[in-house]
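Number of protein chains: 2
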Amino acid sequence: MKFFRATLIIGLTLCFNSSPVLGQSQSIMGFSEKSSLVQMLNEKEFDKRINGQNLDEWMQYMSARPHHVGSEYDKKVVDFVASKFEEWGFDVKVEKFDILFPTPKIRLLELTEPTKYKAKLTEPPVDGDQSSNQIEEALPGFNCFSIDGDVTSELVFVNYGIPSDYEELDKRGISVKGKIVIAKYAGSWRGIKPKLAAEKGAIGCIIYSDPKDDGYYRGDVYPEGAFKNEYGVQRGAVMDLPYMPGDPLTPGYGATDDAKRLKIEEATSLTKIPVLPISYHDALPLLKALKGPVVPERWKGALPITYHIGPGPAKVRLKLEFNWDMKPAYDVIATLKGSTYPDEWVIRGNHHDAWVHGASDPISGLVALMEEARVVSELVKTGFKPKRTLMYCAWGAEEPGLIGSTEWVETHADELRRKAVAYINTDGTGAGFLGAGGSHTLEKFFNQITHVVDDPQKGVSVFERRNAIEKVNQRPPWSHFKLSALGSGSDYSPFFQHLGVASFNMGFGGESSGGEYHTMYDSYKHYSRFKDPGFKYGETLVKIAGRTSLRLANAEVLPFEFQHFTTIVTNYLEEVIKMADKMRKNAESKNKMINDGIYELAANPKDNFKSPAPEIEIPYFNFAPVENAISTLKKRAKEFDKASKKVITPSKHKALNAILKDMERSLTRDHGLPRRPWYKHHIYAPGFYTGYGVKTLPGVREAIEQRNFTEVEEQIQILSEVINSFNSKIKDAIAIMK
Amino acid sequence: MKFFRATLIIGLTLCFNSSPVLGQSQSIMGFSEKSSLVQMLNEKEFDKRINGQNLDEWMQYMSARPHHVGSEYDKKVVDFVASKFEEWGFDVKVEKFDILFPTPKIRLLELTEPTKYKAKLTEPPVDGDQSSNQIEEALPGFNCFSIDGDVTSELVFVNYGIPSDYEELDKRGISVKGKIVIAKYAGSWRGIKPKLAAEKGAIGCIIYSDPKDDGYYRGDVYPEGAFKNEYGVQRGAVMDLPYMPGDPLTPGYGATDDAKRLKIEEATSLTKIPVLPISYHDALPLLKALKGPVVPERWKGALPITYHIGPGPAKVRLKLEFNWDMKPAYDVIATLKGSTYPDEWVIRGNHHDAWVHGASDPISGLVALMEEARVVSELVKTGFKPKRTLMYCAWGAEEPGLIGSTEWVETHADELRRKAVAYINTDGTGAGFLGAGGSHTLEKFFNQITHVVDDPQKGVSVFERRNAIEKVNQRPPWSHFKLSALGSGSDYSPFFQHLGVASFNMGFGGESSGGEYHTMYDSYKHYSRFKDPGFKYGETLVKIAGRTSLRLANAEVLPFEFQHFTTIVTNYLEEVIKMADKMRKNAESKNKMINDGIYELAANPKDNFKSPAPEIEIPYFNFAPVENAISTLKKRAKEFDKASKKVITPSKHKALNAILKDMERSLTRDHGLPRRPWYKHHIYAPGFYTGYGVKTLPGVREAIEQRNFTEVEEQIQILSEVINSFNSKIKDAIAIMK
């Protein structure tokens, strides 16, 4: 600590110049004025030591060969990461879980009528990118956890294959029963497409990347530009993630050596029908061969054809067989024990497995995490000792379904429930504008950080730059940095939604779009040309995620507060009430139009439109229990804020932190959400029919959306109890502070 | 008249059953209760005699061969129409005007760098449509009134080539000076594209039909479907129509034998640079060869490429030479003299010339007009005698720039100013929903008609069907049939905007989309397959346009009223005031963002964006003179309405009609609009930078849009005087009625 004292005066000047806006006080949240200054100086030292060259070199090494789950090179990556952490002085553990990981044995897709076409299903090497030659070693295009199957039937184009698309089919009297559907990627998480298709009676599912979404429509294609060329195939998991992530054979508990495993036939999170992803080169002959109605305007892609729905005359055969093997998932856990609160854990994570080379996904985020750990270790050598335990984790088997992190969380659930303070996730990251999602109890805390880290191109804070794009796009300016609500799609999900650990997910984007995601072309070459050349935004992410970890690890009082959370929960409830009102009004006006025959009058007889079926009318709900709970929350949050402005004697810190650490946990319930008990958080969940996309206040919201009115009342009750238990925890905290 | 008396009782039952909604009274506007009944019976007789077979046969004959201005077959069409009118007993006159009509001699378009491509510029024959073989006889793809030229330069893609597109180019620091631009069809009238390109310094202009606008993106292409195949080329005039239509050599006066003609070099309405329309087959290699920035989202078309702006490296040569010949334009005028008011003229018109076969444009509208005339002549044989003179007109040379109608109107201007009551136009028509534009002093009158004519597919009135589509598309339901404001694009323009003759333009659409417009493929085959198979909507148009003509011709008191007009003018003024407010607000916020450097902060350095230039700030304007004039208008309109509810003694009809006939005229001023004196109407005009698209209250609105603030004040003054002179005419009318 000597070093810092000597530069205190300079530090003062520096930090006040570079951080004019820190929220309501010039101190860092959770730090006293004095310790704030020390922390700021630590952060200056931290920044100085960041070396972008490391990000570059490590990415080159780790993305040099395909490193999917169970591959030879994934083990090399694991060893590399572990050895680095060891080299930097962390206590390193590699935990291995044996998990189900099917890989393709037979992939056959043929158009059999009215013409013949056999899908290529390969991504050829491209000029100037050596890594695209490593076809032998790579997993080809497939959807992980598709079942085996050999099906032949007429084809139906279903747009993105989401619920609103099936409503359009209904209007035209088209059923997918017994058919094979072809859906575009995007519009939802991919696993929703086969799930919904199967529910509607389809026997097979093809997913393709339309050039409108990430191909030539968006920009020049690889290798000329960053976007998807005609052969690029997005791989990806299709297990029933909104039902439960993790190893399908050990649902809800760790896939340890001695765990009791389901038989494959018993696993419930596999798809019900075979699924295969293809390129737009392979999709074109199939779509071209479809007849039947022309698709609605918003279904149209960018292929040079008239898009038709079918069914047929295009008929396809889809044959898939997989090696249903067990493979090792390795989690690297590097620990730096806390000096004051060793049993309060700040966990920082990113996965290491990739679909192929994964330069962007996940290596770009992993190298930022590693550089953060390295610099922390350097600070430690100068005498810096974080109060809480810091853990740097590199997860395995994220790609097939967040498996490495889920199994680790499930295995260590009890300890984590007691010790975890927060989880900070990164994954693929690019350049441009900071985007972050997370717990709104930490929004105010995170906002401070976004004001003191500069954008590497523009010399203003990342907050100011983000705010500039909001203004230019004529959206309301931001008074503070807004965290989005977390859905799913990366390793925060088991921490956040299963255990109730306050979490973050962050990265840069907006100036690094491309079509490489989960293809053969997500390579170092691609990344360094189109994503973050020079790794300047990678360095900036180290500064932001590093501050997030270090401030949480080092704060005297954990920097949770509840006014931001109150505002956002109030907004969510308003949204839900408005949604119910809108659904009610729409159902009324639609039913009136049906009764008045208006749809019949407007319809073009050539289109063979059916007048829609009458909608179930939406009753009025009693939201009062939640409204009352939120009303109390507002008061408590204000009181907490008032109390936290006074100096809290250090003797109270431990007891106070113990409560604050568990605040997010009190938003969970053991019974979880209806029909998916693994998801225990009652404020945020991935949508049952959107996948990655979040649903806030999910119990109530989805019950309304699904028109399950009894469940609406039950979930209103549960939600109000959840918020009230949160309220009493705040009360406990206030009592200590007083 | 005997016939009608005998069936009066039945008639009563019939008409009250079939027309429950007739506006505020059960009588037809302009008719006494008794004469209403007679008129309704006449209309029933009219309907009975309509024979769709005639529409079919006449279209087959008239679209059998290309019949552009000056062609052998156009003369045949003229003779056919004239002979029919004569056969039906009309007094027929064919008026001939000698006009400038350039046709292509040399058309060359080549991509010279970085690769070579020579544009085909031909529309090949298609299977199953014999008329597409008549290539020799047809005019190839060209833009009429393009100047000659031979230019070579780099290419720049300018989207639709409208003002907002050049703003996007400015943001990127891209100039078209010395370049050749390529613009998509649509987004504005085509003539705006070369006009604006020349103003911006371009030396040549290519216009192509993107498949997104009327090709495969919209639906199957011809001959499989109705939309534009890869070779289809939209021909069309590019003279400066918003400045003045008609023969370029006789601006503002008739192109009669003895008229003094300008030299071609003196003509001001020709383009300033050479222009050529091409197919998307020919556009693809050109657009593919462009580099430079990727276009903004809303510029993207449906070709399978990444759209780039350029300039270059694509370089093209465009060489055009025309035969600058004089050709005859024939107007056929068939007159049935009025029994009571022979000097009050109701004029019904449609053009006969086409770009090629023109089955849809214009023959579909012309056959409806001819059938109307034929049935009127049959009624005349049963003793029916319209009070006013009815004139059925088939105009020549509409396609190159409304020339036949304009020259006729200019030649007979004095007589028309004295005698014209109304002009009713049709042009290409299809199937589905009635669309009509016109003078809002006749909106209430027209509304009645839309309630008593049934849609041929659904058995409800055309009003109800139109209202159904409004409701299904979640637009506000209609309380009455809404007339759109007339811009330009067909022969009503000289009547309406030059002379101030109250006008209509009407037709069916919404279930007859296609890509045949102005191509080789606008054939009988195309029309009868995709537009109005069986001519049921053609028959319905005969009923609607026929009622419009007959009621106007036969009314005791001309059915003008002023409350609808007042409402719409009030709306227009509100729009203009809101527009000024919005422009002011936008300029303020934009300038603030420029000053704050927000655009710089948000911009991606790779995009080479320029911060936009500061906007001129918009002052507050004194709209009070117009507001006061409208306030008086409201009172007068109400008084007129009240007065017209009383029985008006027949002795007053003549004097009252004389005033009503001239009402629309009082909305014109001899000096016309700024910089375009030919356009004399001060409520409606085609937009100076939109072409066909209307600008209401054009003097004031365009002065604000162009930020010509002195002119805004002047135009407010003029507009208020125009409305006040209209007010005093209403006062005169009321005085007679009392």
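Sequence lines, in order, name chains A and B. If you're matching positions, the first sequence starts at 1 in the numbering used here and goes up one per residue. If you're matching positions, the second sequence starts at 1001 in the numbering used here and goes up one per residue. Every residue, glycine too, gets a C-beta built ideally from N, C-alpha and C. Here the structure is a predicted model, which is why all the values come from computation and not from measurement.
- Query: Under 7 angstroms between the Cβ atoms of B:G1507 and B:T1429?
  - Reply: yes
- Message: According to DSSP, is A:M244 part of a helix, a strand, or is it coil?
- Response: coil
- Message: What would DSSP say about A:K272, mapped onto helix, strand or coil?
- Response: coil
- Are the beta-carbon atoms belonging to A:L155 and A:A314 less than 7 angstroms from one another? yes
- Query: In terms of residues, what are the limits of the alpha helix (DSSP H) holding B:K1288?
  - Reply: 1280 to 1288
- Enumerate in chain order the residues of its own chain whose CB-to-CB distance from A:G687 is below 8 angstroms, with the five nearest sequence positions on each side excluded. P242, G487, G693, V694, K695, P698, E702
- Which of the three DSSP states, helix, strand or coil, is assigned to A:S503? strand
- Item | Range covered by the beta strand (DSSP E) that runs through A:M391 | 388 to 395
- Message: I'd like to check one pair, B:G1510 with B:G1432: are the Cβ atoms closer than 7 angstroms?
- Response: yes
- Message: Measuring straight from C-alpha to C-alpha, what distance separates A:R388 and A:T668?
- Response: 24 angstroms
- Message: Let me confirm a value: B:G1383 is counted as buried when at least 16 other C-beta atoms fall within 10 Å, else exposed. Which label applies?
- Response: exposed
- Between B:F1142 and B:P1104, is the Cβ-Cβ spacing less than 7 angstroms? yes
- Buried or exposed: which applies to A:S549, given that a residue is buried once 16 or more other Cβ atoms fall within 10 Å of its Cβ? buried
- Any C-beta of chain A under 7 angstroms from that of B:G1219: yes
- Which residues in chain A sit within 9 angstroms of B:R1374, going by Cβ to Cβ distance? Simply none; closest approach about 29 angstroms.
- Message: Using the Cβ count rule (16 or more neighbours within 10 Å means buried), how would you classify A:Y620?
- Response: exposed
- Given a cut-off of 7 angstroms, decide if A:F101 and A:G70 are closer than it, judged by their beta-carbon atoms. yes
- Task: Quick one: which unbroken alpha helix (DSSP H) runs of 4-plus residues sit fully inside the region 56 to 88 of chain A? Chain order, please.
- Result: 72 to 87
- Item | Rounded C-alpha distance that separates B:M1370 from A:A602 | 30 angstroms
- Message: Check whether chain A comes within 7 angstroms of B:A1602, counting only Cβ atoms and requiring the distance to be less than that.
- Response: yes
- Task: For B:V1462, count neighbouring C-beta atoms within 10 Å of its own C-beta (all shown protein chains included) and say buried if the count is 16 or more, exposed if not.
- Result: buried
- Query: Just to confirm, are B:A1226 and B:G1514 a CB contact at a threshold of 7 angstroms?
  - Reply: yes
- Beta carbon proximity, A:V21 to chain B, threshold 7 angstroms: With a pLDDT of 33 at A:V21, under the threshold of 50, the modelled position of that residue is not reliable, and no figure is offered here.
- Can you check the region 158 to 236 of chain A for any beta strand (DSSP E) of at least 3 residues that lies completely inside it and give the ranges in chain order? 180 to 184, 204 to 208
- Message: Are the CB atoms of B:K1184 and B:Y1217 within a distance shorter than 7 angstroms?
- Response: no
- Message: Along the chain, where does the alpha helix (DSSP H) containing A:I50 start, and where does it finish?
- Response: It is not in any alpha helix (DSSP H) - A:I50 carries neither H nor E in the DSSP assignment.
- Query: Just curious, the alpha helix (DSSP H) that A:M239 is in, first and last residue?
  - Reply: Where A:M239 is concerned, there is no enclosing alpha helix (DSSP H), given that its DSSP letter is neither H nor E.
- Item | Residue span of the beta strand (DSSP E) that contains A:L763, given as start and end | Shown here, chain A extends from 1 to 738; a query on residue 763 of chain A therefore has no answer.
- Nearest CA to the CA of B:G1500: which residue from B:D1670, B:F1481, B:V1452? B:D1670
- Task: Determine, using beta-carbon pairs with one atom in the region 1107 to 1122 of chain B and one in the region 1265 to 1284 of chain B, whether at least three such pairs fall under 8 angstroms.
- Result: yes
- Would you mind reading off the limits of the alpha helix (DSSP H) that contains A:R465? 462 to 472
- Message: Under 8 angstroms, CB to CB, which of the residues in the region 278 to 303 of chain A have a partner in chain B?
- Response: V294, K300, A302, L303
- Whether A:V356 touches A:P66 by CB criterion (7 angstroms): yes
- Check whether the Cβ of B:E1511 lies closer than 7 angstroms to any Cβ atom in chain A. yes
- Item | Test: B:R1465 CB closer than 7 angstroms to a CB of chain A | yes
- How about B:T1540: is its C-beta nearer than 7 angstroms to some C-beta of chain A? no
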